[in-house]
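One structure is given below, encoded as structure tokens.
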Amino acid sequence: MRRRSLLVAAVVVVVAAVIVVLAVRSRAPTPAVIRIGLNAELTGGIPVVGASCKNGAELAVEEVNAAGGLEVGGRKYRVELLVEDNEDKAESAAAAAHKLNTAGVLLMIGPNASRNAIPAAEVAESAKLPMISPWSTAVKTTIDAATGQPKKFVFRAAFIDDFQGVVAAKFALQELKTTRPAVLYDVASEYNKGIAEVYKKTIEAAGVSVVAFETYTTGDKDFSSQLTKIRAAGADSLFLPNYYSEVPLQVQQARRLGFTGVIFGSDSWGNLELITLCGKECEGLYFTTHYATDIATPKAQAFIKAYESKYGKTPDDVAALTYDSFGLAFQAIRAAGRVDRQAVRDALAGITQYEGVTGVMQFKGTGDPVKSAVIIQIKEGKFRYHSTAQP
Amino acid sequence: MRRWRGFLIALAFLPLAVLLPRWGLLNLYQQQVLMYVGINIILTASLNLVNGYMGEFSVGHAAFMAVGAYGASLMTLWVFPREWGPLVFPLAVVAGGLAASLAGLVVAIPSFKTRGDYLAIVTLAFNMIVKSVLENIDAVGGPRGLMGMSRLTSVAWVYIWVLLTLFVLRNYIYSNYGRGTQAIREDETAAALVSVNTRQVKVMTFMLSSFFAGVAGGLFAHVLQFINPRSFGILKSTDVLVMVYLGGIGSLTGSVLGATTFTVVLELLRPLQVWRWVIGPLLLVLLMIFRPRGMMGLRELKLLVPPEERPEGIRAALASAGADPARRAGGGVPAGGDRPLLAVRGLTHYFDGLRAVWDFNLEVFPGEIIGIIGPNGAGKTTVFNLITGVYRPTAGSVLFRGQELVGRPAHEIIRSGIARTFQTIRLFKDLSVLDNVRIARYARVRYSLWAAALGTAAARREEEEIRRGALELLELFHLGRYADAPARGLPYGEQRRLEIARALACEPVLLLLDEPAAGMNPSEIDALLDHIRWVREHFGLTVVLIEHQMRVVMGICERITVLDFGATIAEGSPAEIQRHPRVIEAYLGEAVVA
Amino acid sequence: MGLAVQYLLNALQVGSVYALIALGYTMVYGILTMINFAHGDIFMVSTYIAFFVGVALLGSALQLGAVPVFLATMLAAVLGTATLAAVIERVAYKPLRQAPRVSAVITALGVGLFLENFTLATIGPEPRFLPPLVPVGRIVLGGVVISTVQAQTIVLSALVMLLLDTIVRRTMTGMAMRAVSWDKFTAPLMGVPVDRIITLTFALGASIAAVGGVLYGMAYTIDPYMGIRIGWWAFISAVVGGIGNIRGAMIGGYILGAVEIFTPILLPSTYRDFVAFSLLLVFLIFRPTGILGRPVAMKV
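Protein chains in written order, with my numbering: chain X, 3 to 393; chain A, 45 to 638; chain C, 1172 to 1471.
Written out as structure tokens, the structure reads:
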């Protein structure tokens, strides 16, 4: 009897102690520091995206601190980065957003994958926390689910899929000259589904019919049924708007099943890890994306050089877009004049044009920038610029 | 009032739950952790009801959480205007819970026939089906999830629901239905044979369990403000399973501890990031190896046990319950009469082609003591099983008080006035001696599930009656001092007596005893025979007993039927049977006859 | 027609792997009536062993041909996985043989979680391709495309299953295994070393899963969490076939393979799980002991 009540008492004491410790730990940040939160996919299905994002973020923060910090309202502030892993899971992304919010960050950068960005954006909007997603292109991220109106606190550094899907379709029709296009996409992920649908709509509006519009679910590894159907429908092109960790498998299986048509994708391909995984099978394939290193502007070149010397590899689009997100954030914080979320938000909304590493962004009243896209072709194991698509 | 003391004390902390957040003493993150702890407690306690108290192995609990989460969310998103959110919230959560309990019904039905691992698969399949169905309904967001819920859950609300859950579950467990649940865990067949309607209990338990899982889901949806089917898959079900077994199955305190420990430890380990999930399972494995029954095992914190159920309470009741031999109505040997109490005709049963019983006939008149004897494997216990509805006979009829018993479920047969004991003692070993006897009252209890769950005064009064009657019965059998001890601790002879006492608590008019003298020496047998005679007289019973020891049978039976290989080979008085050549042959072999 | 054959081949390929893994579940269940929930993760570990060994061999100075590389990788995977399974059995499961069954199940879950996350923490979450252990080619027969990997998977799996069937039915060890699964208490009285047989069973089940792992790795990517889904589907295969029954596990595996391949043809791919599990549910309600399982009558 006594041992048991002792055990219970011990547990109660431990729990109480934990609560006290947690209460003490989360003090308000010391003055002269501005905290910016990073909500990234460090683990899960697309860790390379999270890693690039973190790299881009750290570089941006390092640079601004090395220059003496952020000057806001006559005072200089050191920028501190608070990183949370959203595990590439929607509910963890929302939880991470909550966590960053309670930690008192001024702004949140990320998540990147739209399936994570969308729930995190809901939290940010209701908590009135300004958020910039570097890489999310799905339209729903900046739209309020309840009212259908644009969100007030959510912005992004990338173009949206309403534009990207059209770019992909036009490329397919005009350059690849496809007459029997097919699509295989992840129906469980907002980004993939969104862009696939825009693609289909654009193709059909041009009078061409999509011969196969197949789906799979995140995590599936066997696409043989869908690919067999695609081959049987006589498709001559295959659009794979899917993430870099799944595309190599899809390409490989398609080729092994005898599909010989051209295969291309969207900005979710834009990671060199794709080539590591895919190897020779991906040679000659295309994808739409945000920026290309071989046609970089001087500003971009400076960024690429700094990134390469710090991390030893070429920055991908996620890193570049994250860097640009921080650029936007810093500009807004300076313009706001004070360390206040609402003021920062208003300042962000007031930016009409920003020249970033990834090109010129024009904001026309919403959080979605208007930018051009580029088409990249994989040549000799590298990403090579192919062409530009203007908005 | 005393029995609610624990809950009233806990209720006193409610203002804290409201004010601490408001005064900023608990930041948002801490509030969130507390809310998750509470939600997990509700989940764990609800699963414990099925896996711990009922001893099933339900592996898909997240399915009910999902139904509740989506149900409650749809209520606050679509059914009611958004602005009404805070007012409608409790209603929405209850609605989610009700929807989840309907889902629980779906799982309860297969549980009638399957147990153990197969039921586990059924629950798993159900979990995946629910997840899959939600993924395919685009209207609720499909695999991309449902969002936009307002943050209606608060520490206060979670606290209230935790208290409510524990209150209802505690009441249920210590009620008639809760005892039935535990009896199923101990020995489902024996439970049915002491009048427990096992199907009814299973439905109740599953529905109650899934109701609270649904409540937890509704609360969860309104704290995260986003749900998707992926959150309710196998990993979530596994989490709940771990919490239940960590804390201790069959203990509500264990559920609270298990849920709290699990949630808090995982939060504390967060700085370890991915190593969190390496250390955590390792700790779990170590815990299972060194404490397989979980932290609390089957023990319960005193605060959660109603006062009258605690050892002191039982002993107090025992002292006031006098053993009043005359109290039992209907004493004395029942008069004979010309209509048989039990009439078995042409009873035949095959087990997969093997003939176990063939054309068995028996008539038993009120007040008689009849014996069925025969060598091992003759089919005697099978006859009992056929009469009491454990098996449905291939052919034949069993008329009891003029009613046909064949085709009726076992618990109904027991309720109609037959009780039995078993060849190997089938007590509910982990239940107390008192509970063993009280369970037999299952069919006669009048208060409903609602009354049980709410702990109404009427239910409590009836429980007191039951308790008193059971204690008196125990006293009669000189078992009163063991009342609050687990049945497995009793010495063998006492266990046998308890089994008979339990059978008598069913208020039978016909008592079937299966080898009551097994394992007894001659002097014990004599005592047993006296005991049986006394029981018959005191309770006004008719007795049929199975034995294969001649000494028992000769000493007490008025008429005897002899079975061999399923067929009747002799009938008559003890003297006749003793001299019957075929009987001697069956027992001793042909050579001796000559 | 050609299309149907194509689908059938795909189903056989996928089903073969499920069958191989299902065998491990069924053998352990037959002998201990325990569902080894860590089995899917043991399968996952085998694929990683194959990955590292394959990379090492192909990158090494020894210019080994395809067949030696393949055999060496297979051997390494089989031995490594068998050892792991034996160790897990001795350390985590043996102490719990007398404990309530559910404790063993929770332990198995814990072991599985540990394996997943340990792999994740040490090796990383990215999906990886096995290096080509055998040159990949294609055979085209009248509109049907068979990749060499596919052919290997189907044929090799069938051979392994045949081998297992022979071991179980025609060797002393196999007889000992069957004896222990029938009566764990009497078998030692007949001179059967129960503990050793149990460990052997775990190791054998894991070895077979490892074969499946290498074949799977050659066709798809590997990642630390792959064992979860595959493990559950293989488990369903074992149950559908009749858990405890070896031939049943094989049949069950092919059935699940068919479900996986044929569902997306008729319905959107998101219905896969729904169909598979509904089928399972219906099956369990009408024939709970599976296709080849024995209905167990309990003595009352």
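Beta carbons: idealized from backbone N, C-alpha and C, even for Gly.
None of the values given here were measured: they were computed from a predicted structure.
Given a limit of 7 Å on CB to CB distance, which residues of the segment 1177-1193 of chain C reach chain X? Gln1177, Tyr1178, Asn1181, Val1185
Using a Cβ-Cβ cutoff of less than 6 Å, which residues in the same chain neighbour Gly82(A) once the five nearest sequence positions on both sides are dropped? Within the second sequence, numbered from 1, the residue matching residue 82(A) stands at position 38. Within the same chain, Gly82(A) has close Cβ partners Val202, Val206.
Are the Cβ atoms of Leu91(A) and Val238(A) separated by less than 8 Å? Translated into positions along the second sequence, residue 91(A) becomes position 47. Translated into positions along the second sequence, residue 238(A) becomes position 194. The answer is no: Cβ separation not under 8 Å.
Glu124(X): first and last residue of the uninterrupted alpha helix (DSSP H) it sits in: The count along the first sequence starts at 1 and reaches residue 124(X) at position 122. Here the alpha helix (DSSP H) through Glu124(X) covers 116-129.
Could you check which residue in Arg347(X), Gly369(X), Thr390(X) has the C-alpha nearest to that of Leu131(X)? Position 129 of the first sequence, counted from the first residue, corresponds to residue 131(X). Closest by alpha carbon: Arg347(X).
State the start and end residues of the unbroken beta strand (DSSP E) segment that holds Met110(X). Counting from one through the first sequence, the residue named residue 110(X) turns up at place 108. That run of the beta strand (DSSP E) goes 109-111.
Is Gln1184(C) near Ile1325(C), with beta carbons less than 8 Å apart? Taking the first residue of the third sequence as position 1, residue 1184(C) is located at position 13. Taking the first residue of the third sequence as position 1, residue 1325(C) is located at position 154. Cβ atoms of Gln1184(C) and Ile1325(C): closer than 8 Å.
When you compare only the Cα positions, how much space is there between Arg1443(C) and Thr45(X)? For this step, residue 1443(C) is matched to residue 272 along the third sequence. For this step, residue 45(X) is matched to residue 43 along the first sequence. Cα-Cα distance, rounded: 26 Å.
Member of Val1446(C), Leu1452(C), Thr1392(C), Leu1280(C) whose CA lies at the smallest distance from the CA of Glu179(A): As a first step, residue 179(A) must be located in the second sequence, where it is residue number 135. Ranking Val1446(C), Leu1452(C), Thr1392(C), Leu1280(C) by Cα distance to Glu179(A) puts Val1446(C) first.
Check whether the Cβ atoms of Ile1206(C) and Tyr1219(C) sit closer than 8 Å, and answer yes or no. On the third sequence, position 35 is the one that residue 1206(C) refers to. On the third sequence, position 48 is the one that residue 1219(C) refers to. Taking 8 Å as the Cβ cut-off, Ile1206(C) and Tyr1219(C) do not qualify as a contacting pair.
Find the residues of chain X that neighbour Tyr1391(C), judging by a C-beta separation of less than 8 Å, and give them in chain order. As a first step, residue 1391(C) is located in the third sequence; it is residue number 220 there, counting from the start. Those are Lys223, Asp224, Leu251, listed as they occur along chain X.
For Ile217(A), three-class secondary structure by DSSP: Indexing the second sequence from 1 puts residue 217(A) at position 173. Ile217(A) falls in the helix class under three-state DSSP.
Since Val442(A) and Val401(A) are thought to touch, with beta carbons under 8 Å apart, how far apart are those beta carbons, to the nearest angstrom? As a first step, residue 442(A) is located in the second sequence; it is residue number 398 there, counting from the start. As a first step, residue 401(A) is located in the second sequence; it is residue number 357 there, counting from the start. No, Val442(A) and Val401(A) are not in contact; Cβ-Cβ is about 12 Å, not under 8 Å.
Using a Cβ-Cβ cutoff of 9 Å, what residues of the segment 195-219 of chain A are near chain X? List them in chain order. Arg195
Kindly say whether Ala373(A), judged by its beta-carbon, lies nearer than 8 Å to any beta-carbon of chain X. The sequence position of residue 373(A) within the second sequence is 329, counting from 1. With a pLDDT of only 47 at Ala373(A), under 50, the local geometry of the prediction cannot be trusted, and no value is derived from it.
Sequence-distant residues of the same chain with beta carbon closer than 8 Å to Pro566(A), five excluded per side: For the purposes of this step, residue 566(A) is taken as residue 522 along the second sequence, with counting starting at 1. Taken in chain order, the residues that qualify are Arg595.
Between the alpha carbons of Phe51(A) and Ala363(A), how many angstroms are there, rounded? Start at 1 with the first residue of the second sequence, and residue 51(A) comes out as number 7. Start at 1 with the first residue of the second sequence, and residue 363(A) comes out as number 319. Looking at the two C-alpha atoms, the distance is approximately 28 Å.
Anything in the segment 165-193 of chain A with a Cβ closer than 9 Å to a Cβ of chain C? List those residues in chain order, please. Ile165, Val166, Leu168, Ala169, Phe170, Asn171, Met172, Ile173, Lys175, Ser176, Val177, Glu179, Asn180, Gly186, Pro187
Mapping DSSP to helix, strand and coil, what is Ala30(X)? In the first sequence, counting from the first residue as 1, residue 30(X) sits at position 28. Confidence at Ala30(X) is low in this model, with a pLDDT of 49, below 50, so the placement of that residue should be treated as unreliable; the coordinate-derived value is given next. In the structure shown, Ala30(X) sits in coil (DSSP, three-state: anything other than H, G, I, E or B).
For Pro325(A) versus Leu1284(C), is the C-beta spacing smaller than 8 Å? On the second sequence, position 281 is the one that residue 325(A) refers to. On the third sequence, position 113 is the one that residue 1284(C) refers to. Yes, the Cβ-Cβ distance between Pro325(A) and Leu1284(C) is below 8 Å.
Ends of the alpha helix (DSSP H) at Thr360(X)? Against the first sequence, residue 360(X) aligns to sequence position 358. That residue, Thr360(X), is in no alpha helix (DSSP H); it is neither H nor E in DSSP.
Take the Cβ of Gly383(X) as the centre, count every other Cβ of all protein chains shown within 10 Å, and call the residue buried at 16 or more, exposed below. Counting from 1 along the first sequence, the entry for residue 383(X) is found at position 381. Per the 10 Å Cβ criterion, exposed.
Gly294(A) bridges to which residues according to DSSP? Numbered from its first residue, the second sequence carries residue 294(A) at position 250. Bridge partners of Gly294(A): none, in fact.
So that I know if they touch, is there some Cβ in chain A lying closer than 8 Å to that of Ala97(X)? Counting from 1 along the first sequence, the entry for residue 97(X) is found at position 95. Closer than 8 Å: yes.
Are three or more beta carbon pairs between the segment 203-213 of chain X and the segment 164-175 of chain X nearer than 8 Å? yes
So who's on the other strand from Ser476(A), going by DSSP bridges? As a first step, residue 476(A) is located in the second sequence; it is residue number 432 there, counting from the start. Pro530(A).
Touching or not, the segment 1381-1396 of chain C and the segment 1311-1328 of chain C, by the rule of three or more beta carbon pairs under 8 Å? yes
Nearest-angstrom Cα distance between Leu178(X) and Leu242(X)? Counting from one through the first sequence, the residue named residue 178(X) turns up at place 176. Counting from one through the first sequence, the residue named residue 242(X) turns up at place 240. Going from the Cα of Leu178(X) to the Cα of Leu242(X) covers about 15 Å.
Compare the C-alpha of Ile1472(C) against each of Arg512(A), Leu330(A), Ala106(A), Arg525(A) and name the closest. The displayed coordinates of chain C run from 1172 to 1471. Any statement about residue 1472(C) would go beyond what the structure contains.
Is Thr425(A) helix, strand or coil when you go by DSSP? Working through the second sequence from its first residue, we reach residue 425(A) at position 381. The answer is helix: DSSP assigns Thr425(A) an H, G or I state.
Exposed or buried, Val1559(C), counting other C-beta atoms within 10 Å across all chains shown (16 or more means buried)? The structure shown does not extend to residue 1559(C), since chain C spans only 1172 to 1471, so no value can be given for it.
Cβ of Gln317(A) less than 8 Å from any chain X Cβ? Along the second sequence, one-based indexing puts residue 317(A) at 273. Yes, contact with chain X.
From the DSSP output, read off the bridge partner residues of Ser441(A). Along the second sequence, read from residue 1 onward, the residue named residue 441(A) stands at position 397. Per DSSP, Arg389(A).
How would you list, in chain order, the residues of chain X whose beta-carbon sits under 9 Å from the beta-carbon of Leu1174(C)? Here the question's residue 1174(C) lines up with position 3 in the third sequence. In chain order: Thr230, Lys231, Ala234.
Given this structure, state the Cα-to-Cα distance separating Ala351(X) from Met119(A), to the nearest angstrom. In the first sequence, residue 351(X) corresponds to position 349, counting from 1. In the second sequence, residue 119(A) corresponds to position 75, counting from 1. So the alpha carbons of these two residues sit roughly 35 Å apart.
Span separating the alpha-carbon of Thr225(A) from that of Phe1448(C): Numbered from 1 along the second sequence, position 181 holds the residue referred to as residue 225(A). Numbered from 1 along the third sequence, position 277 holds the residue referred to as residue 1448(C). Their backbone Cα atoms lie some 28 Å apart in a straight line.
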